[in-house]
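Visitor: From first to last, the protein sequence lines stand for chains G and E. So for the first sequence, the working numbering puts the first residue at 8; every next one is plus one. So for the second sequence, the working numbering puts the first residue at 385; every next one is plus one.
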Amino acid sequence: MNPSIAGRLAAMFALVALLVFSIIGVALHRVLERELARQQREELTTKLDIAALMVSRAVLPEKWVGVRAKLDTLAASNGGTRFRITSEDPYYTYGAPLPDEARLSSLAGMGSVQLAGREHAFRTLARDIPGAGTRPPTQLIVAIDSRPYVATMARFAYALLAWSAAGVVGVAALGYWVARLGLRPLRRLSSEAHALSPQRLSQRLQIGCLPQELSTLAGSFNGALDRLEAAYAQLEAFNADVAHELRTPLANLIGQTQVALSRSRSADQLEDVLQSNLEELERMRAIVNDMLFLARADQGAHALETVPVRVEDEIAKALDFLELILDEAGLSARIEGTAVARLERALFQRAVMNLLHNAIQHSVPGSEIAVRIEGDEAQVAITVANPGPPLAEAHLARVYDRFFRIDSSRGNSGENHGLGLSIVKAVATMHGGEVYARREGSCNVFGFTVRARGPATSPPPIRLDATRPLAGAPERA
Amino acid sequence: MKILIVEDELKTADYLVRGLREQGCAVDLAHDGADGCHLALSLDYDVIILDVMLPGMDGLEILRRLRAGKQTPVIMLTARDRVEDRVRGLREGADDYLIKPFSFLELLARLQALTRRGRAQEATQLEIGDLKLDLIARKASRGGQRLELTAKEFALLAVLARHRGEILSKTAIAELVWDINFDSNTNVVEVAIKRLRAKIDGPFRHKLVHTIRGMGYVLEPRDEAGA
Numbered sequence: 008m009n010p011s012i013a014g015r016l017a018a019m020f021a022l023v024a025l026l027v028f029s030i031i032g033v034a035l036h037r038v039l040e041r042e043l044a045r046q047q048r049e050e051l052t053t054k055l056d057i058a059a060l061m062v063s064r065a066v067l068p069e070k071w072v073g074v075r076a077k078l079d080t081l082a083a084s085n086g087g088t089r090f091r092i093t094s095e096d097p098y099y100t101y102g103a104p105l106p107d108e109a110r111l112s113s114l115a116g117m118g119s120v121q122l123a124g125r126e127h128a129f130r131t132l133a134r135d136i137p138g139a140g141t142r143p144p145t146q147l148i149v150a151i152d153s154r155p156y157v158a159t160m161a162r163f164a165y166a167l168l169a170w171s172a173a174g175v176v177g178v179a180a181l182g183y184w185v186a187r188l189g190l191r192p193l194r195r196l197s198s199e200a201h202a203l204s205p206q207r208l209s210q211r212l213q214i215g216c217l218p219q220e221l222s223t224l225a226g227s228f229n230g231a232l233d234r235l236e237a238a239y240a241q242l243e244a245f246n247a248d249v250a251h252e253l254r255t256p257l258a259n260l261i262g263q264t265q266v267a268l269s270r271s272r273s274a275d276q277l278e279d280v281l282q283s284n285l286e287e288l289e290r291m292r293a294i295v296n297d298m299l300f301l302a303r304a305d306q307g308a309h310a311l312e313t314v315p316v317r318v319e320d321e322i323a324k325a326l327d328f329l330e331l332i333l334d335e336a337g338l339s340a341r342i343e344g345t346a347v348a349r350l351e352r353a354l355f356q357r358a359v360m361n362l363l364h365n366a367i368q369h370s371v372p373g374s375e376i377a378v379r380i381e382g383d384e385a386q387v388a389i390t391v392a393n394p395g396p397p398l399a400e401a402h403l404a405r406v407y408d409r410f411f412r413i414d415s416s417r418g419n420s421g422e423n424h425g426l427g428l429s430i431v432k433a434v435a436t437m438h439g440g441e442v443y444a445r446r447e448g449s450c451n452v453f454g455f456t457v458r459a460r461g462p463a464t465s466p467p468p469i470r471l472d473a474t475r476p477l478a479g480a481p482e483r484a
Numbered sequence: 385m386k387i388l389i390v391e392d393e394l395k396t397a398d399y400l401v402r403g404l405r406e407q408g409c410a411v412d413l414a415h416d417g418a419d420g421c422h423l424a425l426s427l428d429y430d431v432i433i434l435d436v437m438l439p440g441m442d443g444l445e446i447l448r449r450l451r452a453g454k455q456t457p458v459i460m461l462t463a464r465d466r467v468e469d470r471v472r473g474l475r476e477g478a479d480d481y482l483i484k485p486f487s488f489l490e491l492l493a494r495l496q497a498l499t500r501r502g503r504a505q506e507a508t509q510l511e512i513g514d515l516k517l518d519l520i521a522r523k524a525s526r527g528g529q530r531l532e533l534t535a536k537e538f539a540l541l542a543v544l545a546r547h548r549g550e551i552l553s554k555t556a557i558a559e560l561v562w563d564i565n566f567d568s569n570t571n572v573v574e575v576a577i578k579r580l581r582a583k584i585d586g587p588f589r590h591k592l593v594h595t596i597r598g599m600g601y602v603l604e605p606r607d608e609a610g611a
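This is the structure in structure tokens:
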């Protein structure tokens with residue numbers, strides 16, 4: 008399991024606290040060390056001053072006796088302070104010899120010496136006292152035990168460590184609590200998201216009271232929900248449309264068959280009913296096949312068997328097929344432009360055929376349908392323009408929707424089941440392109456683009472946004 | 385023609401058997417994969433019609449076992465309209481496939497195409513009743529009277545004549561004449577037939593082109609007067 012954010016934050020807080028406490032601890036330790044050294048020096052200096060004054064006043068041998076007595080009292084009974092006086096005259100000496108005396112007395116500052124039988128080193132300070140009277144020049148050394156200072160230092164260090172450790176633990180605990188407090192909006196968001204269900208599609212996450220960092224996330228999430236809801240709505244509408252489209256031929260089939268069976272009929276009459284039924288069934292088959300095709304395109308299917316073709320040749324082939332109905336409708340058609348693209352020919356012809364068929368059905372007799380091919384390196388646009396009455400903007404935006412018919416009364420005319428332009432859109436998608444519809448002068452213009460080098464090798468994400476706006480100019484990248 | 389049908393759907397199997405028997409074929413039927421496989425391997429058929437989704441052993445498995453020893457032509461029936469399935473089926477050695485729902489006419493056309501493969505060259509002259517076609521010179525006459533046909537009309541007539549007595553669906557005609565191999569949802573074929581009829585049947589008492597409602601068209605001389 009991944010560590011929780013609160014846990015990680017607490018650990019990071021603890022690390023930071025450890026770092027800060029360490030730096031402060033080291034600094035405090037140094038300060039104390041220096042301060043204790045200063046105190047030692049002061050103590051030594053004081054003692055040295057007193058002793059030096061006494062020694063400098065002893066100019067006669069009888070006075071020296073007094074100096075010795077006073078120094079005896081000054082040296083504490085516990086042996087924590089030692090005095091040592093050396094001179095050329097053995098009479099004017101005092102105290103037990105210290106190790107390394109020559110070095111100690113030559114030092115200007117504090118020295119350190121380890122005495123036998125003592126646990127801690129002694130700090131020393133030395134001074135030369137010039138001779139006076141019968142007393143020759145003498146060297147005075149004062150030594151004090153560093154034990155109390157070392158002990159203080161050690162107690163301080165222990166205390167520092169203990170409190171730092173406690174501090175780190177405390178910061179970690181508090182940090183965890185603070186992090187959990189700070190993450191409360193996230194938990195609320197999560198429980199809200201958890202409560203979303205397909206039954207309540209319009210529900211959204213509450214953004215208002217969320218902190219900045221989360222409101223962006225919740226916003227994107229809500230955006231995804233919007234698109235899902237739209238796709239869901241489209242799917243439901245599609246299902247309803249499918250049911251409706253199939254219901255009409257089914258009702259015809261059932262009704263006709265019931266009427267036919269309600270009394271005895273001649274073989275001819277029965278044959279007639281069967282033939283009529285067959286027509287309805289063929290229509291249903293066409294709808295089902297087209298819906299399967301669209302479903303495949305929805306699942307992100309791509310044109311697979313693409314070959315480089317001359318686009319105008321494929322369009323010419325479709326026009327050749329449609330020649331008779333163009334003629335019947337009193338229409339003519341022309342192709343402008345040229346391009347080469349990688350296409351799955353049957354799919355492409357089907358799309359072109361549907362566009363042309365749509366144009367034929369909505370053209371006034373005597374007019375000319377123009378097929379324009381505009382292509383560059385990246386994509387090829389195929390545009391079919393036919394003169395005709397203008398379509399409402401709202402209709403233009405929906406012409407590629409499944410089962411959309413501008414004139415709903417022509418819905419059940421045998422050959423038009425309202426999927427033709429949806430198939431154009433599916434074919435365009437399968438070739439990495441898109442569809443568009445617009446008004447140009449006195450013409451209604453429908454068209455689609457395909458990628459010139461065939462569909463992208465990696466499948467694009469399935470488009471959920473049903474209300475995607477139609478593309479603008481075909482030249483657009 | 386001897387045909388094996390391996391299909392578990394009872395209604396589908398029933399009409400396939402009846403329809404093909406009425407076409408004069410000898411038909412065996414297996415309802416599951418194991419039976420089908422046994423029959424396919426032990427008897428010799430002209431064509432095997434194989435459903436992909438079968439209980440016990442699926443159609444592709446049967447095909448694999450069959451191809452290990454026999455080259456009997458196979459038509460696969462599949463409800464899965466997926467490219468992978470087709471590619472897989474054809475790679476396993478199926479000769480053709482049909483996607484459900486398919487029309488019976490389409491199946492007949494595919495069967496004929498499969499069994500016609502490798503047959504001797506077709507005739508260059510065709511005669512149906514008093515209609516004469518010269519496929520090389522691309523000329524047609526009826527009752528000695530020259531028919532003025534456009535290139536497309538001649539192509540359509542030639543297709544109907546080559547399949548004389550056979551019902552051709554609109555999709556099949558679009559494919560054979562215009563090389564359009566998908567359902568175009570247009571009435572091009574109706575218009576073409578209407579125009580062809582006006583030329584070859586219009587002035588004559590006995591009609592040759594007949595509409596089979598809901599199915600397609602057939603070119604054949606019929607005896608009944610005024611049919």
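Glycine included, each C-beta is placed from N, C-alpha and C at the ideal position. Note that the structure is a prediction, hence the values are computed from the model and not measured.
Check whether the Cβ atoms of S429 of chain G and L301 of chain G lie closer than 8 Å to each other.
Guide: yes
Visitor: Going by alpha carbons, who is nearest to S568 of chain E out of G:L196, G:A244, G:R290?
Guide: Cα-wise, what sits closest to S568 of chain E is G:R290.
Visitor: Please list, in chain order, the chain G residues whose beta carbon lies closer than 9 Å to that of I584 of chain E.
Guide: Ordered by position in chain G, no residue passes the 9 Å Cβ test against I584 of chain E, which lies about 16 Å from the chain.
Visitor: Whose CA, out of E:V575, E:R597, E:I387, E:E532, lies closest to the CA of Q407 of chain E?
Guide: E:I387 is the residue among E:V575, E:R597, E:I387, E:E532 whose C-alpha sits nearest the C-alpha of Q407 of chain E.
Visitor: Using the Cα positions of A556 of chain E and Y601 of chain E, report the straight-line distance between them to the nearest angstrom.
Guide: Pairing A556 of chain E with Y601 of chain E, the inter-Cα distance amounts to about 10 Å.
Visitor: Quick one: give me the first and last residue of the beta strand (DSSP E) that K516 of chain E is part of.
Guide: 515-518
Visitor: Within 10 angstroms of its Cβ, does C450 of chain G collect 16 or more other Cβ (buried), or is it exposed?
Guide: buried
Visitor: Terminal residues of the continuous alpha helix (DSSP H) containing Q276 of chain G?
Guide: Counting along the chain, the alpha helix (DSSP H) containing Q276 of chain G begins and ends at 274-305.
Visitor: Which value, in whole angstroms, describes the spacing of the CA atoms of T396 of chain E and I367 of chain G?
Guide: 38 Å
Visitor: With a CB to CB cut of under 8 Å and the five nearest residues on each side skipped, what residues in its chain are close to S416 of chain G?
Guide: Residue placement at S416 of chain G is poorly supported in this model, since its pLDDT is 48, which falls under 50; the coordinates are not used for a value here.
Visitor: Hey, is Q276 of chain G's beta-carbon within less than 8 Å of any beta-carbon in chain E?
Guide: no
Visitor: What does the alpha-carbon distance come out to for the pair D305 of chain G and F245 of chain G?
Guide: 13 Å
Visitor: Which two residues bound the contiguous alpha helix (DSSP H) that contains S222 of chain G?
Guide: 219-268
Visitor: Report yes if the C-beta distance between L425 of chain E and R449 of chain E is below 8 Å; otherwise report no.
Guide: yes
Visitor: Decide if T313 of chain G is buried, meaning its Cβ has at least 16 other Cβ atoms within 10 Å, or exposed.
Guide: buried
Visitor: Is Y295 of chain G close to chain E, meaning its C-beta is less than 8 Å from at least one C-beta of that chain?
Guide: The sequence shown places Val at residue 295 of chain G, rather than the Tyr named in the question. Taking Cβ atoms only, chain E reaches closer than 8 Å to V295 of chain G, which makes this a yes.
Visitor: Below 8 Å between beta carbons is the criterion; list the residues of the segment 556-586 of chain E that meet it against any residue of chain G, in chain order.
Guide: A558, W562, D563, I564, N565, F566, D567, S568, N569, T570, N571, V572, V575, A576, R579
Visitor: Could you pull the start and end residues of the beta strand (DSSP E) that D435 of chain E belongs to?
Guide: 431-435
Visitor: Apply the 10 Å Cβ neighbour rule to H251 of chain G and answer buried if 16 or more other Cβ atoms are within range, or exposed otherwise.
Guide: exposed
Visitor: Mapping the DSSP letters down to three states, classify P10 of chain G as helix, strand or coil.
Guide: coil
Visitor: Against chain E, does F328 of chain G count as a neighbour if the rule is that its beta carbon must be under 8 Å from one of theirs?
Guide: yes
Visitor: Considering only residues of the segment 535-583 of chain E, which uninterrupted alpha helix (DSSP H) runs meet the minimum length of 4 residues and lie entirely inside it, listed in chain order?
Guide: With a minimum length of 4 residues, the continuous alpha helix (DSSP H) runs that stay inside the segment 535-583 of chain E are 535-546, 554-562.
Visitor: At least one CB of chain E closer than 8 Å to the CB of L338 of chain G: is that the case?
Guide: no
Visitor: Do L541 of chain E and L533 of chain E have their C-beta atoms closer together than 8 Å?
Guide: yes
Visitor: Assuming D480 of chain E and R494 of chain E form a contact by the criterion Cβ under 8 Å, report the distance between their Cβ atoms to the nearest whole angstrom.
Guide: 5 Å
Visitor: Secondary structure at S113 of chain G, three-state DSSP: helix, strand or coil?
Guide: helix
Visitor: In chain G, what lies closer than 9 Å to P485 of chain E by C-beta?
Guide: L288, M291, R292, V295, N296
Visitor: DSSP state of I430 of chain G, grouped into three classes?
Guide: helix
Visitor: Quick check: what's the CA-CA separation for F90 of chain G versus V23 of chain G?
Guide: 51 Å
Visitor: Taking only beta-carbon positions, decide if R349 of chain G is within less than 8 Å of chain E.
Guide: With its beta carbon at least 8 Å from every one in chain E, R349 of chain G lies outside the interface.
Visitor: Got a sec, what are the start and stop residues for the beta strand (DSSP E) K324 of chain G sits in?
Guide: No beta strand (DSSP E) holds K324 of chain G; the alpha helix (DSSP H) holding it covers 318-335.
Visitor: Is the Cβ of G262 of chain G closer than 8 Å to any Cβ of chain E?
Guide: no
Visitor: Name the DSSP bridge partner or partners of R64 of chain G?
Guide: Answer by DSSP bridge pairing: none, since R64 of chain G is not bridged.
Visitor: Can you look up E312 of chain G in the DSSP assignment and give me helix, strand or coil?
Guide: coil
Visitor: My output table needs one value for F129 of chain G: the three-state DSSP class, helix, strand or coil.
Guide: strand
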